[in-house]
Amino acid sequence: MSRRIRTHLPSSRRIRTHLPSSPWLFLGPGLLIVGGFSLYPFVSTVINSFTDKRTLIDGQYVGGANYQELVHDDMFWTGLRNSVLYVLGAVPLLVILPLLLALLVQRHLPGITFFRSAFYTPVVASVVVVGLIWVWMLDDRGLVNSVLGALGLGTVSFLSDQWLLLLSAMLVTVWKGLGYYMIIYLAALANVPRELHEACAVDGAGAVRRFFTVTVPAVRSTMVLVAALSSVNAFKVFSEVYLLAGPGGGPGGADTTLVMLVQQVGTGLSGRVGYASALSVVVFVITLGLMLLVLRANRREDA
Amino acid sequence: MNQRQSGRRLPVGQLVLRYALLLAVFALMVGPFLWQLSTSLKGPTEDIYSYPPKLLPGDPTLDNYAKVADLIPVWDFALNSLKVATANVLTNCAGAALAGYALARVRFRGRKAALVVFVMAMLVPVESIIIAQFMTMRELQLNNTLVGVVLPACIGAMNVLLMRNAFANLPYEVEEAAYVDGANAWQRFWRIALPSVKGTLAVVAIFAFMGAWDDFLWPLIVLSDQSNFTLTIGLNYLHGTFAHDQRLVAAGTIIAVLPLIVMFACLQRFFFRGVGEGAVKG
Chain Z
1 MSRRIRTHLP
11 SSRRIRTHLP
21 SSPWLFLGPG
31 LLIVGGFSLY
41 PFVSTVINSF
51 TDKRTLIDGQ
61 YVGGANYQEL
71 VHDDMFWTGL
81 RNSVLYVLGA
91 VPLLVILPLL
101 LALLVQRHLP
111 GITFFRSAFY
121 TPVVASVVVV
131 GLIWVWMLDD
141 RGLVNSVLGA
151 LGLGTVSFLS
161 DQWLLLLSAM
171 LVTVWKGLGY
181 YMIIYLAALA
191 NVPRELHEAC
201 AVDGAGAVRR
211 FFTVTVPAVR
221 STMVLVAALS
231 SVNAFKVFSE
241 VYLLAGPGGG
251 PGGADTTLVM
261 LVQQVGTGLS
271 GRVGYASALS
281 VVVFVITLGL
291 MLLVLRANRR
301 EDA
Chain G
1 MNQRQSGRRL
11 PVGQLVLRYA
21 LLLAVFALMV
31 GPFLWQLSTS
41 LKGPTEDIYS
51 YPPKLLPGDP
61 TLDNYAKVAD
71 LIPVWDFALN
81 SLKVATANVL
91 TNCAGAALAG
101 YALARVRFRG
111 RKAALVVFVM
121 AMLVPVESII
131 IAQFMTMREL
141 QLNNTLVGVV
151 LPACIGAMNV
161 LLMRNAFANL
171 PYEVEEAAYV
181 DGANAWQRFW
191 RIALPSVKGT
201 LAVVAIFAFM
211 GAWDDFLWPL
221 IVLSDQSNFT
231 LTIGLNYLHG
241 TFAHDQRLVA
251 AGTIIAVLPL
261 IVMFACLQRF
271 FFRGVGEGAV
281 KG
């Protein structure tokens with residue numbers, strides 16, 4: 001914005017303030033890396049998806065064969081189902097729970113900074129650390145099961161049943177993400193005028209009413225942002241499921257997600273780069289679609 | 001948040017309820033870490049499966065940490081992680097600051113196009129190009145090296161855009177005065193603009209460190225030799241090979257997470273600021 005505040009310098013003078021090459025020297029490293037390791041791989045992923053390239057063998061053009069194979073590949077549908085389920089399971093929790101958490105830590109009570117930081121700890125830890133901590137917590141003889149046992153609920157095999165595994169991984173994702181989205185909500189809540197709450201309270205509205213009539217409308221655009229971020233991340237899930245269910249993706253690969261499939265198919269010396277690229281294109285298209293969907297839903301509500 | 005501070009006082013009942021809730025959530029969010037720490041400190045004779053669970057080890061010992069170091073070169077892994085994270089911080093800070101400055105403050109043909117390149121790169125999820133990146137690394141013969149781990153993300157598009165915004169928000173007058181005095185683009189960048197965006201630079205540095213230290217999928221794909229493993233990949237290997245010994249895995253995870261928790265405790269405000277500034281990050 002401030003760029004607009006031009007002064008009275010004659011334009012010829014401004015042009016001479018830098019050599020024509022210097023902006024490109026500044027931008028050079030950045031453009032090189034981003035071009036070479038984001039945009040070029042993207043283009044080559046799309047191109048490779050139309051070939052039968054393997055890790056050690058150059059591929060031939062095969063048209064849409066990879067995409068046709070994909071439609072008939074049971075593992076693809078399993079992966080797609082699991083990734084979509086992941087979005088449906090994790091996103092609502094990641095939109096609502098951090099908001100409640102933010103409301104809880106919003107007031108400046110003594111010690112609140114400590115609690116805020118503590119709730120953020122899982123965000124700082126690596127997903128591998130978090131995954132392994134929960135592998136131990138959810139073990140058949142782990143802490144969660146010994147508590148369940150004491151309550152007379154018996155042992156729940158979180159890490160061997162196909163559906164319980166997926167559910168556990170989702171809860172790990174939610175647990176790790178809570179603090180991050182809580183901070184986003186805290187920033188949004190700080191901008192909600194206090195008078196609104198007070199006016200509402202004077203009218204006799206209880207805490208729950210005020211939550212729905214004041215808080216939610218005020219942070220709605222933040223909720224959409226959180227929904228967009230968390231759905232994109234949930235759809236691309238890899239590590240949580242990989243760690244809880246193992247590299248093979250649980251019993252018979254039933255918990256494999258789409259990104260896990262990309263990793264399984266495309267890496268190693270016999271990796272099927274062409275087919276993995278077609279899978280990657282699907283990941284990209286759906287991720288972008290999710291982002292646009294959420295943002296559009298937001299715009300429609302605004303109108 | 002500040003105007004709330006002076007708000008009306010909470011009734012005692014509500015206050016008690018709030019602290020009860022805070023403590024419950026605290027147990028849920030921090031408890032698992034403490035349980036892991038406790039497990040890692042329990043000796044071979046102590047029952048880690050006992051009920052009721054014992055949070056405090058009966059006879060705390062560091063044996064498990066020594067044993068982990070015997071089984072896998074965990075300190076080498078930590079050193080590799082440190083190298084990767086440090087390199088990632090340096091390249092991201094330098095590259096993003098330079099590019100961000102040019103995008104925000106230097107007028108030249110092609111600036112819009114350069115900006116579009118960075119925005120587009122930000123929209124491509126790493127997961128969807130990871131196979132192609134792996135092929136590129138093979139062609140460059142950088143697979144299975146630490147350079148290969150760092151290179152793809154060594155100047156993040158998101159960081160460039162963060163730095164661009166930081167520079168664009170600086171008042172222009174000071175730099176204009178420097179212009180008039182004949183300072184060139186580099187001098188204006190280094191002497192005037194850069195010292196004013198230290199806060200954002202710190203955010204970029206912290207998130208670059210954390211990103212590299214915690215990263216899993218990319219190092220998993222690009223590294224194959226144990227001697228080059230980073231901590232996250234080493235932990236995954238430890239878990240795969242010695243899964244039956246929870247004490248060892250616990251010790252490994254504590255080694256991996258402790259440096260970041262210490263860093264977070266010291267630099268909290270930058271972590272939180274980064275969430276606000278980088279909320280668009282995918």
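Chains Z and G are the protein sequences, given in the same order.
Heads up: the first sequence at position 198 corresponds to 198 in UniProt numbering, and the numbers run straight through without jumps.
Heads up: the second sequence at position 106 corresponds to 106 in UniProt numbering, and the numbers run straight through without jumps.
By construction, the Cβ of each residue, glycine as well, lies at the ideal position given by its N, Cα and C atoms.
(request) Quick one: using the 10 Å Cβ neighbour count with 16 as the cut-off for buried, is H239(G) buried or exposed? (result) With 16 or more other Cβ atoms within 10 Å, it is buried.
(message) Judging by CA-CA distance, which residue of L123(G), N80(G), D225(G) and F271(G) is the nearest neighbour of A228(Z)?
(response) Checked all of L123(G), N80(G), D225(G) and F271(G); the closest Cα to A228(Z) is L123(G).
(message) Using C-beta distances below 6 Å, list every residue in its chain close to A153(G), excluding the 5 sequence neighbours before and after it, in chain order.
(response) Residues of the same chain with their beta carbon placed closer than 6 Å to that of A153(G) are lacking, with the five preceding and five following residues left out of the count.
(message) Strictly below 7 Å CB to CB, what residues from chain G border Q60(Z)?
(response) Proximity of chain G to Q60(Z) at the Cβ level (cut-off 7 Å) is not reached, the minimal Cβ distance being about 16 Å.
(request) Please report the Cβ distance between A166(G) and V197(G), rounded to the nearest whole angstrom; I am assuming they are in contact, meaning their Cβ atoms lie under 8 Å. (result) With a contact defined as Cβ atoms closer than 8 Å, A166(G) and V197(G) qualify at about 4 Å.
(request) For chain G, find out if any of its Cβ atoms is closer than 8 Å to the Cβ of Y185(Z); answer yes or no. (result) For Y185(Z), the answer is no, since every Cβ of chain G falls outside 8 Å of its Cβ.
(request) Select from the segment 125 to 144 of chain Z all residues with a C-beta closer than 9 Å to any C-beta belonging to chain G, and list them in chain order. (result) Within the segment 125 to 144 of chain Z, the residues whose Cβ lies closer than 9 Å to some Cβ of chain G are A125, S126, V127, V128, V129, V130, G131, L132, I133, W134, V135, W136, M137, D139, R141, G142 and L143, listed in chain order.
(request) Decide yes or no for the touch test of the segment 249 to 260 of chain Z against the segment 219 to 238 of chain Z: beta carbon pairs closer than 8 Å, at least 3 of them. (result) Below 8 Å, enough C-beta pairs join the segment 249 to 260 of chain Z and the segment 219 to 238 of chain Z to call them touching: three or more.
(message) Under 8 Å, Cβ to Cβ, is there at least one residue of chain G near T121(Z)?
(response) Interface residue, yes.
(message) Just checking: is the beta-carbon of V275(G) within a distance shorter than 8 Å of some beta-carbon in chain Z?
(response) Chain Z, which has a Cβ nearer than 8 Å to the Cβ of V275(G), makes this yes.
(request) Starting from Y101(G), find everything on chain Z with Cβ-Cβ shorter than 7 Å and list it in chain order. (result) Think of a sphere of 7 Å around the beta carbon of Y101(G): the chain Z residues whose beta carbon falls inside it are F26, in chain order.
(message) Quick check: what's the CA-CA separation for N159(G) versus M170(Z)?
(response) The alpha-carbon atoms of N159(G) and M170(Z) are separated by roughly 29 Å.
(message) From the DSSP secondary-structure annotation, give me the bridge partner or partners of Y275(Z).
(response) Bridge partners of Y275(Z): none, in fact.
(message) For V262(G), count the other beta carbons within 10 Å of its own beta carbon; 16 or more makes it buried, fewer makes it exposed. Which is it?
(response) Answer is exposed; the Cβ neighbour count stays below 16.
(request) Anything in chain Z within Cβ reach of I221(G), meaning under 8 Å, just list it in chain order. (result) Correct list: Q263 and T267.
(message) Among the candidates A193(G), N143(G), Y51(G) and D181(G), whose CA atom is the shortest distance from the CA of D225(G)?
(response) When only C-alpha atoms are compared, the closest one is N143(G).
(request) Please classify Y86(Z): does DSSP put it in a helix, a strand, or coil? (result) If DSSP states are grouped into helix, strand and coil, Y86(Z) belongs with the helices.
(request) Note down the Cα distance separating residue 303(G) from G148(G), rounded to an integer number of angstroms. (result) Since the first and last residues shown for chain G are 1 and 282, residue 303(G) lies out of range.
(message) Counting only Cβ pairs nearer than 8 Å, list the residues of chain Z close to H239(G).
(response) Residues of chain Z whose Cβ lies closer than 8 Å to the Cβ of H239(G) are, in chain order, L132, V135 and L243.
(message) Buried or exposed, going by whether 16 or more other CB atoms sit within 10 Å of the CB of T113(Z)?
(response) Answer is exposed; the Cβ neighbour count stays below 16.
(request) Compare the C-beta of V12(G) against all C-beta atoms of chain Z and say whether one is closer than 8 Å. (result) With 8 Å as the cut-off, V12(G) does not count as an interface residue toward chain Z.
(message) Do S38(G) and P57(G) have their beta-carbon atoms positioned less than 8 Å apart in this structure?
(response) The Cβ atoms of P57(G) and S38(G) lie closer than 8 Å to each other.
(request) Could you give the DSSP three-state label for F264(G): helix, strand or coil? (result) Of the three classes helix, strand and coil, the one that applies to F264(G) here is helix, per DSSP.
(message) As a quick exercise: from F26(G), N80(G) and L248(G), pick the residue whose alpha carbon is nearest that of L223(G).
(response) Checked all of F26(G), N80(G) and L248(G); the closest Cα to L223(G) is N80(G).
(request) Examine chain Z for any beta-carbon lying closer than 8 Å to the beta-carbon of S128(G), and answer yes or no. (result) Closer than 8 Å to some Cβ of chain Z, the Cβ of S128(G) qualifies, so yes.
(request) Drop a sphere of 10 angstroms on the beta-carbon of W75(G), count the other beta-carbons inside from all chains shown, and report buried for 16 or more, exposed for fewer. (result) Looking at its Cβ environment, which holds fewer than 16 other Cβ atoms inside 10 Å, W75(G) is exposed.
(request) Could you spell out where the alpha helix (DSSP H) holding L71(G) opens and where it closes? (result) Start and end: D63 to L71.
(request) Jot down the residue ranges of each uninterrupted alpha helix (DSSP H) in the segment 194 to 274 of chain Z, minimum 4 residues, whole runs only, in chain order. (result) Within the segment 194 to 274 of chain Z, the complete alpha helix (DSSP H) runs of at least 4 residues are 194 to 202, 207 to 210, 220 to 235, 239 to 245 and 258 to 266.
(request) Specify the secondary structure class of Y51(G) as computed by DSSP and reduced to three states. (result) Reduced to three states, the DSSP call for Y51(G) is coil.
(request) Check whether the Cβ of L290(Z) lies closer than 8 Å to any Cβ atom in chain G. (result) L290(Z) does not count as touching chain G.
(request) Report yes or no: do the segment 29 to 49 of chain G and the segment 129 to 146 of chain Z share at least 3 C-beta pairs separated by less than 8 Å? (result) They touch, by the three-pair rule.
(request) Answer yes or no: does any C-beta atom of chain G fall closer than 8 Å to that of Y86(Z)? (result) Look at Y86(Z): its C-beta is not under 8 Å from any C-beta on chain G.
(message) Is it buried or exposed, K53(Z), if we count other Cβ atoms within 10 angstroms and call 16 or more buried?
(response) So K53(Z) counts as buried.
(message) I want to know whether the segment 37 to 52 of chain Z touches the segment 118 to 134 of chain G - three or more CB-CB distances under 8 Å.
(response) Taking 8 Å as the limit for Cβ pairs, the verdict is that the segment 118 to 134 of chain G does touch the segment 37 to 52 of chain Z.
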